[in-house]
Every structure is written in C-alpha cells, then in structure tokens.
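Taking it in order: structure first as structure tokens, then the write-up.
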Amino acid sequence: MKVYTKKGDQGTTQLIGGTRVPKSSLRIEAYGTVDELNSHIGLIRDQDIAQEIVEQLLEIQDRLFTMGSQLAADPEASNMKLPDLSNVDVENLENWIDKMDEELEPMRSFVLPGGHTTVSYCHIARCVCRRAERICVDLNADQPIAPILLTYLNRLSDYLFVLSRKLSKDLNATEHPWVARM
Numbered sequence: 000m001k002v003y004t005k006k007g008d009q010g011t012t013q014l015i016g017g018t019r020v021p022k023s024s025l026r027i028e029a030y031g032t033v034d035e036l037n038s039h040i041g042l043i044r045d046q047d048i049a050q051e052i053v054e055q056l057l058e059i060q061d062r063l064f065t066m067g068s069q070l071a072a073d074p075e076a077s078n079m080k081l082p083d084l085s086n087v088d089v090e091n092l093e094n095w096i097d098k099m100d101e102e103l104e105p106m107r108s109f110v111l112p113g114g115h116t117t118v119s120y121c122h123i124a125r126c127v128c129r130r131a132e133r134i135c136v137d138l139n140a141d142q143p144i145a146p147i148l149l150t151y152l153n154r155l156s157d158y159l160f161v162l163s164r165k166l167s168k169d170l171n172a173t174e175h176p177w178v179a180r181m
C-alpha cells in the first residue's frame, strides 16, 4: 500500500465512511490536534523517566488513537466498528493523578512552565491538549461527539499538569511560582 494516494491534492480528505471533507474542516482540525498531542506525548515518553510513567503514556497514546478514529469517522456514513473510550479510561487518569499528587507539595500558586526540558514538554502537551479540547467543544456544538471524548481530554490536561509537577520533583527541577505584579 502506497503512502500517497493523490486524492487529497485538491484540499479534501476522506473520513471513515467515505465522506470527503475539506482538510480545513473542524472535524479534521479536531483529530489532527489529537494526533499532534499524541506526538508530544511520545516526546515525553522518550525522555529518561520512570518506567511506570512510560507505561501510562503508552496507554494514553493508545487512547488518543482511539479518540482520533472516532473523530475521523463520519457519524452518518460510517458503519465501521471502532474502539471506544470508556469511564475506566478516565478513572485511570484520575488514579494516576491522585497517586502522583500524594508525593507533591500542595500548590500555593500557579507555576511558570519550565525548569527542565522534560517538564517543558509536559506543559506543551498540556497546552495542545487544551486546544484539542476547545476544538472538540466547537465540533460538538455542530456535530455531536461522544461526551467521553471531552471528559477524557479535560482529565488528560489535568494529568499532564500533575505529571509536569511530578517530573519537576523527580528531576530536581525548580518550580517557579507565578507572582502577580500588582
């Protein structure tokens, strides 16, 4: 199978189900941003971090591929059986967040992104996750999507923030609190 088909040369792409849409459509923007997020998470996973976190990130990447397949399907034209996200996937994120949070000092202010390259990668992924969430909210207003997708993205951004704090601790990086100038 060739990587290129030439079918998209005029600015359209095919959804699962056969419908052709502009590459600039909100649905394409949604799953494209989820794909971008997945790549950033792969970058975090490639760092020198604990194996337990690597395994969590692999699970998250799998779930993001599932999300991408759901977003790439035309809900009116696709009969293809696709994998689903479930409440268990959200609960996994919550359990991982709670476990990491037990090791961390309570937050007393916002923290500035940075302190270590790996921590910065987490913050970038968190921002991309929030963008994916905003795009999916917009898509949902016009073309309803499974509510679990929005829940998962919301919780994943929380996970990525707590992961940034956990990795700051693990890597002995300094967290810089944001102090508002008044």
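The numbering of the sequence shown is numbering that gives the first Met the number 0, which starts it at 0 and goes up by one.
Just so it is clear, CB atoms sit at the ideal spot from N, CA and C, and this is done for glycine as well.
It should be emphasised that the depicted structure is a prediction, and the values quoted were computed from it without experimental measurement.
Skipping 5 residues on each side, what residues in its chain have a beta carbon closer than 6 Å to that of residue i?
{"i": "Y120", "result": "L42, I43"}
{"i": "L170", "result": "H115"}
{"i": "G113", "result": "S119"}
Name the residue from the options whose alpha carbon lies nearest to the alpha carbon of residue i.
{"i": "E58", "options": "Y3, C128, L92, L148", "result": "L92"}
{"i": "P74", "options": "I144, R164, L149", "result": "I144"}
{"i": "K98", "options": "P146, I52, L111, R133", "result": "I52"}
{"i": "R17", "options": "S156, A71, L155", "result": "A small correction: the amino acid at residue 17 is Gly; Arg does not occupy that position in the sequence shown. Minimum Cα distance to G17 is reached at A71."}
{"i": "T11", "options": "K1, V2, S23, M0", "result": "S23"}
{"i": "F198", "options": "H122, E101, T117, G67", "result": "This structure leaves residue 198 out entirely; the chain is present only between 0 and 181."}
{"i": "D141", "options": "Y158, Y3, L25, K5", "result": "L25"}
{"i": "M66", "options": "G113, V118, P146", "result": "P146"}
{"i": "K262", "options": "L14, A49, T4", "result": "Shown here, the chain extends from 0 to 181; a query on residue 262 therefore has no answer."}
{"i": "S77", "options": "I15, N37, T117, R125", "result": "I15"}
{"i": "Y158", "options": "D137, L111, V178, L56", "result": "L56"}
Provide the residue(s) that pair with residue i in DSSP beta bridges, ordered along the chain.
{"i": "H39", "result": "H39 pairs with nothing; no bridge assigned."}
{"i": "L14", "result": "DSSP, once it has assigned bridges, lists no residue as partnering L14."}
{"i": "H175", "result": "L111"}
{"i": "R180", "result": "None; R180 has no bridge partner."}
{"i": "P21", "result": "T11"}
Give me, in chain order, the residues of the same chain whose beta-carbon lies closer than 7 Å to that of residue i; leave out the 5 immediate sequence neighbours on both sides.
{"i": "L152", "result": "C128, A131, E132, C135"}
{"i": "I27", "result": "T12, V20"}
{"i": "R154", "result": "V89, L92, E93"}
{"i": "V161", "result": "I96, M99, D100"}
{"i": "L148", "result": "M66, Q69, L84, C135"}
For residue i, is the beta carbon positioned less than 6 Å from some heavy atom of the ligand ATP?
{"i": "D73", "result": "The model on display carries no ligand, and the ligand ATP is accordingly not part of it."}
**Prompt:** Should the stretch 130–147 be regarded as contacting the stretch 15–33, the criterion being three or more beta carbon pairs within less than 8 Å?
**Reply:** The stretch 130–147 is in contact with the stretch 15–33.
**Length-filtered (4 minimum) alpha helix (DSSP H) runs lying within the stretch 31–117** = Qualifying alpha helix (DSSP H) stretches, in chain order: 50–70, 86–101.
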